[in-house]
DNA sequence: TTGACATGCAACCAAATGGTTGCATATAAG
DNA sequence: CTTATATGCAACCATTTGGTTGCATGTCAA
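Chains as they are written, first to last, in the numbering used here: chain A, 11 to 119; chain B, 11 to 119.
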C-alpha cells in the first residue's frame, strides 16, 4: 500500500465527503455522488480517480454505470500503524479491551 | 480541532518524516531537525509551522532555541473517529483484545 | 435507428503548495 | 564589543492541485 497516496487522498475535504457518502450508502454511481454537490461531474470524477488510486474506493461496472464501493482497509492500516507509533498503545488497548469485553460477554455477572 | 489542518499537515511526506524524527527524539530544535535533510532550513521551518498550526507539534522557547515537541492527540482523535466510522469495530476490538490479553497475562497457560 | 443518459478524455486556468534566496533580529560565546 | 549561532520574515519561482469547459464514446430505451 502506498501511504503517500492515501494521505494525499484524505487531505482534501471534498474527497473525505465522498467517502462519507459512500459510507452512508455504498455502491453509488458517479451521477449519484454528484447530487447536491457544488462541483461539476468532472471534478467529482477526478476526486474519485484519486480515491481509486489510493485504493480507498473500488469500482465495478454495471452496464453504463460505474458503481463505487468504499474500501476501509488502507485507512485502517494507516490508523493502526500511526496509533501504535504515536500514541500510548497501552491506553488504547485497554480501552478497546473494555469495550470488547462489554460486547463479548453482555450481562454475565 | 481542525480536521482539515491535520489531514493537510499529514499529507506531505517531509512533514511525516519530521514527526517521525520527533517521535524518535522529542524536543529537538529547528537546527537539529534540519540535519541530514536535503532541504533548506527555511523549508523545514515552514513545514514545522504547518505542523504547529495543525497542533501536531508544540513549541517551547529556550533562549535562542526553539524546541519542538510532538503532540499525538490530533492524530489519535482522527484515528479514533475514522476507525469507528469506516472500520468493522468488532474486528478491531477483538484484535486489540487479543493483543491486550497477551500482554496482560503473559505465559499463563 | 435514434435519442437520452453515464462516463471518459483533454485542454485550459487560477490558486495553493513546496521550495529557494536574501536579509533582519535576537541570543550566546569569546 | 564583536562574532557566531538560531531563528524569523518576505519576495520570488516552478509545480501541483482543484476546478472548469468542450467534445467523444459507450449503453440503454423507445
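Beta carbons are placed, not taken as given, at the ideal position from N, Cα and C, and that holds for glycine.
This structure is a prediction, so every number in the text was calculated from the model and none was measured.
Residues that DSSP places opposite residue i in a beta bridge
| i | result |
| --- | --- |
| residue 76 of chain A | A:71 |
| residue 38 of chain B | B:78 |
Partner residues on chain A for residue i, Cβ-Cβ distance less than 8 Å
| i | result |
| --- | --- |
| residue 14 of chain B | 23 |
| residue 96 of chain B | 29, 33, 80, 82, 85 and 86 |
Chain A residues whose Cβ lies nearer than 7 Å to that of residue i
| i | result |
| --- | --- |
| residue 89 of chain B | 89, 92 and 93 |
Proximity test, Cβ basis, 8 Å: residue i and chain A
| i | result |
| --- | --- |
| residue 65 of chain B | no |
| residue 20 of chain B | yes |
| residue 48 of chain B | no |
From the options, residue whose alpha carbon lies closest to that of residue i
| i | options | result |
| --- | --- | --- |
| residue 71 of chain A | A:45, A:92, A:40 and A:28 | A:40 |
| residue 30 of chain A | A:94, A:95 and A:85 | A:85 |
| residue 24 of chain A | A:49, A:11 and A:12 | A:49 |
| residue 38 of chain A | A:92, A:14, A:22 and A:74 | A:74 |
| residue 54 of chain B | B:36, B:12, B:26 and B:35 | B:26 |
| residue 12 of chain A | A:52, A:94, A:56 and A:65 | A:65 |
| residue 56 of chain A | A:83, A:22 and A:36 | A:22 |
| residue 36 of chain B | B:91, B:52, B:93 and B:76 | B:76 |
Residue i vs residue j beta-carbon contact at 8 Å
| i | j | result |
| --- | --- | --- |
| residue 89 of chain A | residue 81 of chain A | no |
| residue 47 of chain B | residue 78 of chain B | no |
| residue 17 of chain A | residue 33 of chain B | no |
| residue 43 of chain B | residue 20 of chain B | no |
| residue 15 of chain A | residue 63 of chain A | yes |
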